[in-house]
Structures are given as C-alpha cells and as structure tokens.
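*Asks:*
Protein chains: 2
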Amino acid sequence: MAMQHTPLLMSRIIDRGATISPHTEIVTATEEGTRRVTYRETRDRSHQLAHALMDSGLQRGDVVGSFMWNGSRHLEMYHATAGTGLVLHTLNTRLSLADLEYIISHAGDKLIVVDADLLPLLEQLKDRIPTVERIIVAAEPGFEDWSTTIPNAMDYEEFIAGKPTNYQWETFDEYSPLGLCYTSGTTGNPKGVEYEHRAQYLHTLTIGLTDSMNLSSTDCMCLIVPMFHAMGWGLPWAALMLGCKQVLPHRFMQPERVAQLMADEGVTVSAGVPTIWQGLQAAIQQNPGKLDLSKLSRLTCGGSAPPASMIEWYWKELGVEIIQGWGMTEMSPLGTLARRVGKYEHLDFSDEKRLANGAKTGLVMPGLELDIFDEDFNPLPHDGESVGEICVRGPWICSEYFNNPHPDRFRDNWLFTGDVGVIDEEEYVIVADRSKDLVKSGGEWISSVDLENEICGVEGVAQACVVAQPHPRWGERPVALVILATDADVSQEAILEHCSEKFAKWQLPDEVLYVDEIPLTSTGKLDKKTVRASLNSDGYQLPDLRVA
Amino acid sequence: MAMQHTPLLMSRIIDRGATISPHTEIVTATEEGTRRVTYRETRDRSHQLAHALMDSGLQRGDVVGSFMWNGSRHLEMYHATAGTGLVLHTLNTRLSLADLEYIISHAGDKLIVVDADLLPLLEQLKDRIPTVERIIVAAEPGFEDWSTTIPNAMDYEEFIAGKPTNYQWETFDEYSPLGLCYTSGTTGNPKGVEYEHRAQYLHTLTIGLTDSMNLSSTDCMCLIVPMFHAMGWGLPWAALMLGCKQVLPHRFMQPERVAQLMADEGVTVSAGVPTIWQGLQAAIQQNPGKLDLSKLSRLTCGGSAPPASMIEWYWKELGVEIIQGWGMTEMSPLGTLARRVGKYEHLDFSDEKRLANGAKTGLVMPGLELDIFDEDFNPLPHDGESVGEICVRGPWICSEYFNNPHPDRFRDNWLFTGDVGVIDEEEYVIVADRSKDLVKSGGEWISSVDLENEICGVEGVAQACVVAQPHPRWGERPVALVILATDADVSQEAILEHCSEKFAKWQLPDEVLYVDEIPLTSTGKLDKKTVRASLNSDGYQLPDLRVA
Numbered sequence: 000m001a002m003q004h005t006p007l008l009m010s011r012i013i014d015r016g017a018t019i020s021p022h023t024e025i026v027t028a029t030e031e032g033t034r035r036v037t038y039r040e041t042r043d044r045s046h047q048l049a050h051a052l053m054d055s056g057l058q059r060g061d062v063v064g065s066f067m068w069n070g071s072r073h074l075e076m077y078h079a080t081a082g083t084g085l086v087l088h089t090l091n092t093r094l095s096l097a098d099l100e101y102i103i104s105h106a107g108d109k110l111i112v113v114d115a116d117l118l119p120l121l122e123q124l125k126d127r128i129p130t131v132e133r134i135i136v137a138a139e140p141g142f143e144d145w146s147t148t149i150p151n152a153m154d155y156e157e158f159i160a161g162k163p164t165n166y167q168w169e170t171f172d173e174y175s176p177l178g179l180c181y182t183s184g185t186t187g188n189p190k191g192v193e194y195e196h197r198a199q200y201l202h203t204l205t206i207g208l209t210d211s212m213n214l215s216s217t218d219c220m221c222l223i224v225p226m227f228h229a230m231g232w233g234l235p236w237a238a239l240m241l242g243c244k245q246v247l248p249h250r251f252m253q254p255e256r257v258a259q260l261m262a263d264e265g266v267t268v269s270a271g272v273p274t275i276w277q278g279l280q281a282a283i284q285q286n287p288g289k290l291d292l293s294k295l296s297r298l299t300c301g302g303s304a305p306p307a308s309m310i311e312w313y314w315k316e317l318g319v320e321i322i323q324g325w326g327m328t329e330m331s332p333l334g335t336l337a338r339r340v341g342k343y344e345h346l347d348f349s350d351e352k353r354l355a356n357g358a359k360t361g362l363v364m365p366g367l368e369l370d371i372f373d374e375d376f377n378p379l380p381h382d383g384e385s386v387g388e389i390c391v392r393g394p395w396i397c398s399e400y401f402n403n404p405h406p407d408r409f410r411d412n413w414l415f416t417g418d419v420g421v422i423d424e425e426e427y428v429i430v431a432d433r434s435k436d437l438v439k440s441g442g443e444w445i446s447s448v449d450l451e452n453e454i455c456g457v458e459g460v461a462q463a464c465v466v467a468q469p470h471p472r473w474g475e476r477p478v479a480l481v482i483l484a485t486d487a488d489v490s491q492e493a494i495l496e497h498c499s500e501k502f503a504k505w506q507l508p509d510e511v512l513y514v515d516e517i518p519l520t521s522t523g524k525l526d527k528k529t530v531r532a533s534l535n536s537d538g539y540q541l542p543d544l545r546v547a
Numbered sequence: 000m001a002m003q004h005t006p007l008l009m010s011r012i013i014d015r016g017a018t019i020s021p022h023t024e025i026v027t028a029t030e031e032g033t034r035r036v037t038y039r040e041t042r043d044r045s046h047q048l049a050h051a052l053m054d055s056g057l058q059r060g061d062v063v064g065s066f067m068w069n070g071s072r073h074l075e076m077y078h079a080t081a082g083t084g085l086v087l088h089t090l091n092t093r094l095s096l097a098d099l100e101y102i103i104s105h106a107g108d109k110l111i112v113v114d115a116d117l118l119p120l121l122e123q124l125k126d127r128i129p130t131v132e133r134i135i136v137a138a139e140p141g142f143e144d145w146s147t148t149i150p151n152a153m154d155y156e157e158f159i160a161g162k163p164t165n166y167q168w169e170t171f172d173e174y175s176p177l178g179l180c181y182t183s184g185t186t187g188n189p190k191g192v193e194y195e196h197r198a199q200y201l202h203t204l205t206i207g208l209t210d211s212m213n214l215s216s217t218d219c220m221c222l223i224v225p226m227f228h229a230m231g232w233g234l235p236w237a238a239l240m241l242g243c244k245q246v247l248p249h250r251f252m253q254p255e256r257v258a259q260l261m262a263d264e265g266v267t268v269s270a271g272v273p274t275i276w277q278g279l280q281a282a283i284q285q286n287p288g289k290l291d292l293s294k295l296s297r298l299t300c301g302g303s304a305p306p307a308s309m310i311e312w313y314w315k316e317l318g319v320e321i322i323q324g325w326g327m328t329e330m331s332p333l334g335t336l337a338r339r340v341g342k343y344e345h346l347d348f349s350d351e352k353r354l355a356n357g358a359k360t361g362l363v364m365p366g367l368e369l370d371i372f373d374e375d376f377n378p379l380p381h382d383g384e385s386v387g388e389i390c391v392r393g394p395w396i397c398s399e400y401f402n403n404p405h406p407d408r409f410r411d412n413w414l415f416t417g418d419v420g421v422i423d424e425e426e427y428v429i430v431a432d433r434s435k436d437l438v439k440s441g442g443e444w445i446s447s448v449d450l451e452n453e454i455c456g457v458e459g460v461a462q463a464c465v466v467a468q469p470h471p472r473w474g475e476r477p478v479a480l481v482i483l484a485t486d487a488d489v490s491q492e493a494i495l496e497h498c499s500e501k502f503a504k505w506q507l508p509d510e511v512l513y514v515d516e517i518p519l520t521s522t523g524k525l526d527k528k529t530v531r532a533s534l535n536s537d538g539y540q541l542p543d544l545r546v547a
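As you go down the protein sequences, you meet chains A and B in turn.
For the first sequence, position 243 (counting from the first letter as 1) is numbered 242 according to numbering that gives the first Met the number 0, and the numbering increases by one without interruption.
For the second sequence, position 270 (counting from the first letter as 1) is numbered 269 according to numbering that gives the first Met the number 0, and the numbering increases by one without interruption.
(1) Less than 8 Å between C-beta atoms, sequence neighbours within five positions excluded: which residues of the same chain meet that for residue 530 of chain A?
(2) Using beta-carbon positions only, say whether residue 229 of chain B and residue 335 of chain B come within less than 8 Å of one another.
(3) Closer than 8 Å, CB to CB, is residue 171 of chain B near chain A or not?
(4) So for residue 409 of chain A, helix, strand or coil by DSSP?
(5) Helix, strand or coil: how does DSSP classify residue 34 of chain B here?
(6) I want to see whether chain A comes within less than 8 Å of residue 394 of chain B, judged by CB atoms only; does it?
(7) Go to residue 285 of chain B, then tell me how far its alpha helix (DSSP H) extends in each direction, as first and last residue.
(8) At 4 residues or longer, and completely inside the stretch 173-242 of chain B: list those alpha helix (DSSP H) runs for me, N to C.
(9) When the Cα atoms are used, what is the spatial distance from residue 200 of chain B to residue 83 of chain B?
(10) Pull the bridge partners of residue 440 of chain B from the DSSP assignment, please.
(11) Find the residues of chain B that neighbour residue 377 of chain A, judging by a C-beta separation of less than 7 Å, and give them in chain order.
(12) Going along chain B in order, which residues have a C-beta closer than 9 Å to the C-beta of residue 166 of chain A?
(13) List, from N- to C-terminal side, the alpha helix (DSSP H) runs of 4 residues or more that fit wholly inside the stretch 81-112 of chain A.
(14) Since residue 412 of chain B meets chain A, which of its residues come closer than 8 Å, beta carbon to beta carbon?
(15) Please confirm if residue 175 of chain A has its CB atom under 8 Å from at least one CB of chain B.
(16) Return the CA-CA distance between residue 393 of chain A and residue 412 of chain A, expressed in angstroms with no decimal places.
(17) What does residue 397 of chain B reach in chain A if we use C-beta pairs closer than 9 Å?
(18) Given that residue 348 of chain A touches chain B, what residues does it touch there, using C-beta distances under 9 Å?
(19) Going along the chain, which residues of the stretch 240-258 of chain A sit with their C-beta nearer than 8 Å to a C-beta in chain B?
(20) In angstroms with no decimal places, state the Cα-to-Cα distance between residue 402 of chain A and residue 366 of chain A.
(21) For residue 20 of chain B, would you say it is in contact with chain A, using Cβ-to-Cβ distances shorter than 8 Å as the test?
(22) Would you decide whether residue 550 of chain A is buried or exposed? Buried here means 16 or more other CB atoms lie within 10 Å of its CB.
(23) Shortest alpha-carbon distance to residue 118 of chain A belongs to which of A/52, A/308, A/238 and A/135?
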C-alpha cells in the first residue's frame with residue numbers, strides 16, 4: 000500500500016461547506032416569505048438529526064423515507080443519513096397512493112420524515128405501510144399545529160432537540176448504500192435504484208467540474224428539480240461540499256413566485272425541467288423590467304430536451320446559458336451535458352453554432368462510457384445519422400434494480416437506457432426520443448421530441464406534445480397537442496408551414512389538436528402514455544380515417 | 000451490487016481529450032520554434048508506444064523511466080504507461096548523478112526513454128544502472144543524429160513505427176501502481192512516492208473542479224512545472240481528460256522565451272514555482288507593450304509561497320490571478336489552493352481583502368482532511384495564531400515511502416508534512432515555513448518565508464533568501480541573502496526599515512548579504528541547505544560575533 004486507501008464516503012465531503020462557509024445562507028421559501036439558516040446551523044442540526052435517528056433504534060443500512068419538498072430540513076435528511084450510513088429513500092410527492100404504498104413497502108422504510116403539508120397524503124396510507132414504525136413531521140411556518148391520526152408521530156424539532164451537535168461519522172465500506180429512488184415506470188411497478196456512497200461521491204466531484212455545470216462556492220444555487228428525484232441531480236451533495244448559497248423553493252413552484260425568489264436572492268445557477276424554464280420565461284415576459292435576474296448565468300435543464308427557441312431566448316434576452324443535461328435515475332443521474340462552448344475547437348464558433356451546440360444532448364462526462372448500438376448489439380458509427388439505442392456504463396451507472404434485477408436492461412455492464420439517438424462526428428450525443436415515444440411511419444422513424452421543439456418555436460405556442468396514433472397503412476402517424484399562449488391565435492397551417500422548413504412532408508403531424516392542458520408525469524415531463532390513453536378512450540381517429 | 004463497480008483506472012479518462020477534441024493542438028517548443036501535433040495524433044502515437052513497450056517484453060507493473068523535458072513525447076509516455084499498467088518513473092533531470100543512479104536502481108527501471116539532449120548525462124551512468132535493459136531516445140529537431148555508447152539504444156520513432164494505433168486497455172485493480180517520483184530529500188537518499196491509479200484519478204477530478212484551478216477544455220495550458228516533478232502536479236492527466244490546448248516549453252525555460260511562447264500560443268493558464276513567475280514578470284517589464292498576454296487569466300503557483308507583492312503586480316498589471324497552491328510529492332501533490340474569492344462570503348470583499356486571500360496558502364481540497372498538531376500530537380485551535388505541524392490524510396496522500404517506509408512520517412494515516420503553520424478562522428491554511436527552515440531566536444520562532452516575501456516587496460529587490468545562523472545567546476538569528484535588480488541600489492537600512500512595518504525589531508535579519516545568485520533545488524526552490532553550508536564553509540559570522 001503506497002497511498003492511503005480512504006473509502007469514498009459522503010461523510011468525507013458533506014461537512015466541508017459548513018466548515019469553510021459557516022455563515023452562508025440556506026434559504027427556504029415559506030407561505031409568507033423565506034426561512035433562513037446558515038450552513039453552520041444546518042450542519043449542527045444535521046448532526047443532531049443523526050443522533051436522533053440512531054437513538055431511535057435505527058441501524059446502519061436501515062431505510063429512512065423522506066416525503067418532503069426542497070427545503071433545509073430535507074437537506075438535513077440527506078446530510079444525517081449519509082453520515083450515519085442510513086439509506087435515504089426519497090419519496091416522490093406526486094406518485095399515486097398505490098405506487099407510494101408499493102415503494103415504501105418494497106424498500107422497507109422504517110421511519111419517514113414528512114413535510115406537514117403532505118401529512119394528509121401520507122395519512123391515507125397509514126394502515127398500508129406496516130414496515131414504517133415512526134413518522135416525524137417537519138413543520139414550516141403555518142403548519143406548526145399539525146395533527147395526525149398516524150400513531151407514534153413526533154415533531155421534527157422535538158425529535159432533534161437537545162441532541163449533541165457533533166456526530167462522529169463512522170467509516171464503512173464505500174460500496175454501502177446511500178439512497179434509494181424509484182423510477183416512475185410507465186409499465187409495471189416502480190423500479191428502485193440504490194445509490195452507493197462511492198458512486199455518488201464520484202458523481203459529486205464530476206458535477207463540480209468546470210466543464211460540467213461549473214459549480215462554485217461563489218454560486219447562489221436555486222434547486223428546482225425535486226430532491227426526491229434522482230437525489231436532486233446530485234446538487235444537494237455538491238452544495239454541501241462547496242458551501243455555495245442555496246435557495247430552495249419548497250412547494251412554491253408557481254413561475255411568478257420562483258422568478259421573484261430568484262431575483263430577490265441573487266440566484267446565479269438553477270436546475271429543472273424544460274417546462275419550468277418555459278414557465279419562468281413567460282413570467283419574465285409578463286413582468287417586463289420588474290425582475291432583476293442580472294446575476295443569473297446558467298440554467299441546467301434535464302428530464303427532456305429543451306426547445307432550441309427557448310435556449311436562444313434565454314441567451315439573447317438574459318445572457319443566460321441553458322445547459323442541457325441528459326441522464327436518468329439509473330445514472331445517478333448525470334450522463335451528458337451540452338455547453339455552448341464545449342471544447343477548445345468551439346472557441347472560434349459563431350453565436351449561431353454555439354446555439355446549435357447547446358441544443359444537442361451533450362458530451363459524455365469524464366469516467367463514463369457511452370455508445371449507440373443496433374438491435375443486435377453492434378456498435379454504430381458516430382456519424383450523426385445512425386440511430387441506435389444509447390447505452391452507458393461507468394462507476395455511477397446502475398447495474399441492477401433494487402431487489403428486482405431486470406437483467407434485460409443490462410448486458411456486459413452496459414445499461415440499456417431506452418433512449419434512442421445518434422452520436423455526431425463531434426462526439427455529441429443527440430437523443431431522438433424515448434424508444435417508446437418514437438413514431439414509426441411507413442418503416443421510418445419520426446422523433447416526437449424534435450417535432451415538439453420545432454412547434455414550440457412558433458410564436459404564440461406555449462407547449463406542444465406529439466404522440467403516435469395507429470394507422471392501418473403507415474403503422475403510426477404523429478398527432479400534435481398544442482397549448483397556445485394567452486390571446487394567441489395560431490392556425491394548424493401556420494404550425495405545419497413552420498415545421499416544413501425542417502421536416503419532410505411525411506414527417507409532419509396529421510393534425511394539430513388545441514388543448515388547455517397536457518398531462519405531466521410526476522417528474523414534470525410530458526406524460527405521453529396518458530395522452531395516448533386519453534386519445535384512445537375519447538375514440539380519437541386520424542383525419543383520413545374518419546367517416547365522412 | 001447496485002451500481003457498477005468500475006475500477007478507477009487512468010485508462011478510463013486519458014483517451015477522452017482526443018475523443019472529444021481530436022484537432023486541438025499540443026505544442027512543444029523546439030530550438031527553432033515549435034513542433035505541433037494534434038490530440039488525435041498524440042493519442043494514436045501513445046497507443047503505438049503502448050504496443051512497443053509491451054512488445055519489448057515488459058509486463059504490467061514493470062517500471063519504466065522517463066528522463067525528459069515537458070514535451071508531447073513525455074505526454075505519450077504518461078498515456079501509454081497508464082493505459083498498460085506499467086509504472087512511469089519520472090527522473091528529475093536536475094538530480095546529481097549519484098542520486099540518479101540510486102533512484103534508477105532503487106526503482107528497478109527496466110527501460111528508460113531519454114530526450115536526446117540529455118543523453119550525455121545518462122551516458123555517464125551507463126555502467127552503474129544494471130536494471131536498465133534498454134534505452135529509447137526521443138529526438139527533437141536538431142538532435143536526430145544522436146549517438147551513444149550505451150548498448151541497445153533505439154530511436155523513439157523507430158521504436159513505435161508501424162505499431163497499431165489502438166491498444167485495448169486492460170482492466171486491473173485500481174490500487175495498482177501508476178507512477179513513481181522520488182523526492183529531492185535534503186538528508187539521506189531520495190525517498191520514492193508510488194502513485195496509484197485510484198489516487199491519481201481522484202486527484203485529476205479534483206484539479207478539474209471550478210473551485211480548484213478552474214481548468215476547462217477551452218483552456219490553453221502551458222505546463223512549466225516539470226513533468227518529472229510530482230506528475231507535473233497532475234496537470235498532464237487533467238489535460239488528457241479535458242482535451243484543452245497544451246503548450247510545453249521543453250528545455251527552453253528562459254523567461255523571455257517562455258513569455259513569447261505564452262503570448263504566441265494564447266495561453267490562458269500556466270503552472271510553476273514562484274521564481275518562474277518572478278522571471279516572467281521581469282521579462283514582461285523589460286519588454287513593455289511587446290507581449291500580448293491578454294488571454295492569460297491564471298498562474299498556479301506552488302513549491303513555495305509567492306511574495307504578496309508579485310501576486311498584486313500580476314493582478315493589477317495584467318488582471319491575472321496567481322493561484323497559490325500547496326502540496327508535495329507525498330500528496331500527489333495538491334493539498335490546498337488560495338483563490339482571490341474562495342467562498343461565497345468573499346463576494347463582498349474589497350480588492351485588498353481579496354489580495355490577502357490570495358496570499359494565504361489556501362483552503363483544503365474536497366476529500367482531504369488537514370489539521371495542525373503540537374509536538375504531542377494534540378490538534379491546535381484554528382485561530383490564526385497557534386502554530387503547529389501541518390498533517391494531511393485522504394485518498395491521494397502517501398501512506399509510506401516506496402520500499403522504505405519511514406514510519407516516523409505517518410501516524411493514524413496522517414502524513415506529517417514537515418511544514419509548520421496556522422489555520423485561521425476562515426479555515427485558510429497559512430504555511431509559516433518548512434520546520435527545518437524556521438529560525439528559532441530566544442525561544443521564539445521567526446518565519447524565513449515571511450521575511451523573504453516582505454523583503455521581495457522592496458522596490459529594486461529581485462530575490463531574497465533568509466536562513467538561520469547560530470548564535471551563542473539567542474540560539475539562532477536570521478540573515479538575508481538578497482539579489483538586487485539590474486542597476487538597483489537598495490541599502491540594508493532601507494530593507495530593514497521596510498520589514499519593520501510588519502516585523503518586530505528582534506525578528507529582523509542581523510545582516511543583509513548582497514549576492515549575484517542564490518542556489519535553487521532541483522525543483523526550483525531556494526536551496527537553504529546549500530546556502531547554510533556555504534556560509535559555514537566561508538566561515539561566516541554574525542556581525543555582533545565578529546572580532547573587531
């Protein structure tokens with residue numbers, strides 16, 4: 000042994016922010032305004048929480064659930080469980096009761112910390128989650144007088160009160176579990192991904208690279224992506240390591256509120272799904288000159304591909320770089336990021352070409368392998384044209400689901416992501432679609448995502464969703480659901496005309512359906528499965544199949 | 000197993016730069032100008048070199064020496080040995096022949112690649128290094144006609160010619176050795192530090208953090224620190240991972256030449272010891288308006304503490320941040336870095352306070368533990384006043400010397416660094432001195448480094464070196480050796496007057512000795528051991544001890 004074989008445990012990095020930046024604030028949005036604590040206070044409270052959890056009889060490796068919004072107490076849960084070797088199971092607040100029941104029981108949660116405003120949801124499960132021995136209730140201002148019929152519930156503040164503010168983190172195997180997150184599967188039961196210390200440690204370093212999100216201790220980070228979704232994209236860990244200012248919106252996700260919060264707190268970087276940034280864009284446009292977002296420099300955007308028109312708007316109007324990211328729960332989650340200037344050779348690029356870079360899915364993160372394969376598992380050329388399933392492997396990629404291996408998703412350590420796309424000659428990945436959302440018309444593939452993003456570029460269109468509909472001759476044909484902006488009036492002809500600049504005639508949607516709402520999944524993506532089911536139950540027929 | 004347990008081998012990251020940035024250049028300085036190759040060419044040649052090395056009968060784990068300047072072929076040696084699992088022993092070109100003989104034999108080098116201009120040095124050892132079976136000669140322009148009496152020597156180009164350009168890197172244990180570097184010990188034989196794959200992998204990610212050196216693929220990096228010194232501070236690995244442009248000065252280290260090279264190539268970031276930046280400063284001052292260094296933004300500075308006056312000059316004159324780093328061969332080498340704005344709380348700092356930040360030794364890197372201890376191994380308070388020995392531990396800190404454990408340097412995994420200093424309330428480390436260079440006068444410590452940096456702030460002083468001299472009453476008293484700038488005339492009174500603004504009278508040097516040269520160690524630091532020995536052999540006496 001020549002070098003120290005220090006295990007890569009999260010406890011080695013999570014106290015660092017509070018050590019170097021004790022007075023920096025962690026701001027949580029509340030009904031009335033904000034609740035503000037410093038890093039040192041939060042660290043001390045996390046150590047108290049660690050004592051409280053272990054004193055309550057839990058043992059290293061036990062699973063603890065969090066049913067919480069993004070807030071400082073949720074961050075304390077990350078901190079305390081990571082330090083003690085408990086496993087944090089982040090419960091998605093938007094899941095159905097049936098799915099919640101399933102995942103709580105499948106994971107075997109022994110204790111759940113719940114935000115008081117979410118108690119009524121949990122209450123409905125009280126007799127259906129027998130592994131749960133105890134409920135701890137975190138009450139933000141206005142919810143201090145919570146009550147519940149769930150037995151053995153205790154207030155979070157009472158739970159940690161009087162505990163010592165220094166827990167001596169123990170050393171254990173770096174492959175020990177750290178977290179559990181279930182994917183909102185579209186078929187069958189949700190599948191669990193178990194995160195390990197070493198994997199998240201490496202992931203944390205990676206998202207702190209200059210060429211990644213360029214995170215710094217001098218950032219003010221607003222975490223919009225829920226902390227229950229793929230460990231908040233790893234950003235809570237990075238923040239704890241770096242000691243940057245944090246702004247957490249809790250349940251107050253209305254675009255105007257988020258925009259105001261970001262302006263008030265001087266946010267420099269934020270992370271969320273495209274629909275969030277579309278909402279923020281509208282809020283900014285509707286309040287001209289009222290929001291000072293001059294400190295904002297980067298918006299990391301994942302979950303699905305952001306429309307190029309939106310990327311362009313943020314850059315040209317605000318000088319804000321939308322950093323497109325791609326990954327998934329099974330990937331911890333980060334796989335690729337697309338920067339405007341992604342490599343030395345791009346320094347000479349025009350603004351237009353830089354915009355085009357940003358609209359790609361991105362370059363693979365250091366340490367991961369990524370490739371595209373055909374149906375016979377042959378690697379395909381990186382020519383920007385060959386479409387194949389994207390596979391990844393590396394130290395923070397899932398190797399099996401939690402107590403539910405699904406070997407069909409893995410081969411030679413490659414994770415089959417279910418996304419299809421190309422890799423171009425610049426080594427940029429460009430995801431075409433989820434394989435199940437591609438439209439197969441006359442034997443050729445049409446990307447629903449590409450169509451949606453093109454339609455969103457039409458002035459007056461607020462949101463678009465393209466799904467396949469069955470056709471006896473072509474197999475499938477695309478149909479577009481469109482939400483128009485307030486007072487806008489955009490004809491189907493105008494939309495198709497716009498799209499025909501980029502798409503062949505046979506690739507255009509057969510019909511544009513104007514709607515007021517498009518269902519979203521629990522992670523804020525377009526819920527195409529529900530859209531297809533609704534069209535089906537409504538008896539929708541493609542125009543050329545309708546009885547005259 | 001929930002996550003893939005991919006071993007952290009350098010082969011996972013070293014091909015990435017060439018993959019994403021194939022056309023970016025690696026520029027090596029030559030007698031006549033520059034030699035330019037692309038990342039793709041270099042990658043291909045590295046894979047050819049890997050084949051050549053393994054075809055020559057070497058086996059994974061064998062030690063291969065490089066006796067080379069910073070150039071693209073040295074980078075190929077890094078690349079090829081890391082991929083194949085050979086161990087790269089970087090030989091310091093400035094070592095004495097006796098030390099070279101010792102370390103080559105102690106490490107058991109089986110093959111050495113040598114730059115042709117260094118052949119005459121190696122030639123003198125030819126009968127004294129029996130483990131070496133073969134010499135490969137890398138010839139830059141002007142040296143193609145090298146010849147040697149060393150048997151079994153072959154030209155580098157001939158060695159790799161015709162080999163396949165794709166070597167399938169193998170998978171092996173991440174704790175396998177990667178490199179060997181011997182410290183230029185001041186007493187006894189040099190001590191070897193064996194770098195392991197996992198340690199350097201983590202170190203590479205760490206130096207790529209925004210809050211570290213802020214390295215990016217869009218940088219143009221000029222590596223001044225020798226690649227034979229602590230793996231070139233890890234920067235070759237980071238560059239191979241990121242694909243940034245590289246500028247390598249080879250043996251052409253004259254300040255004017257380096258300055259011109261940096262201007263010509265558009266260098267954005269560089270790394271070296273303080274004497275290099277003092278030389279560069281002089282070259283810039285002597286050529287007003289002639290050097291366009293407008294792209295330069297950061298100079299990482301390690302080896303010893305840079306004078307505050309120099310840090311200020313670079314910032315005020317060029318807008319260049321000197322990033323002071325601290326570490327050592329035993330630390331892979333990075334321990335701390337000092338940024339002007341090192342944390343969120345510094346955003347409100349004045350320029351003056353930012354300058355003061357930069358003049359400290361720095362904040363510890365994520366993943367390392369660092370503390371100061373008294374002589375009984377009790378941790379000392381972080382109050383900016385308690386002086387103790389700095390100890391570090393973590394995944395890229397040495398746990399023993401190569402085949403020469405030296406247990407006195409290690410305890411509970413802490414490396415005793417031999418540096419003494421304080422930690423202030425901001426958690427900044429401030430190194431006072433090497434413990435052996437501190438001056439102990441009347442029972443109190445005086446920092447030779449602090450005195451030197453203060454003296455360097457006097458207009459007209461080019462370099463200063465403070466050493467202890469024995470005194471019957473006080474134990475030791477400080478004496479300053481000073482090199483003046485050309486045509487400058489600075490009196491001892493002026494120097495002491497300047498220093499007395501910051502130092503108490505009893506801390507001032509007893510005498511200022513004006514010299515033309517101060518000896519440097521093989522890594523470019525002030526060689527105080529030799530200075531003390533010279534004073535001794537010259538029969539130097541402190542002023543108040545001289546016979547009238």
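Even for Gly, the Cβ is constructed at its ideal location relative to N, Cα and C.
None of the values given here were measured: they were computed from a predicted structure.
*Replies:* Reading off the structure:
(1) 464, 466, 480, 517 and 518
(2) no
(3) no
(4) Residue 409 of chain A falls in the strand class under three-state DSSP.
(5) strand
(6) The beta carbon of residue 394 of chain B sits closer than 8 Å to some beta carbon of chain A.
(7) 273-285
(8) 196-206 and 234-241
(9) Put simply, the backbone Cα of residue 200 of chain B is about 15 Å away from that of residue 83 of chain B.
(10) According to DSSP, which records beta bridges pairwise, residue 440 of chain B is partnered with B/443 and B/474.
(11) Contact annotation for residue 377 of chain A against chain B: no contact, minimum CB-CB distance about 18 Å [criterion: below 7 Å].
(12) Near residue 166 of chain A there are no residues of chain B at all, since even the closest Cβ is about 16 Å away, more than 9 Å.
(13) 96-106
(14) 3 and 5
(15) no
(16) 8 Å
(17) 1, 2 and 3
(18) Within chain B, no residue comes near residue 348 of chain A; the closest Cβ sits about 11 Å away, beyond 9 Å.
(19) 240, 241, 242, 243 and 244
(20) 27 Å
(21) yes
(22) For residue 550 of chain A there is no data in the structure shown, the boundaries of chain A being 0 and 547.
(23) A/135
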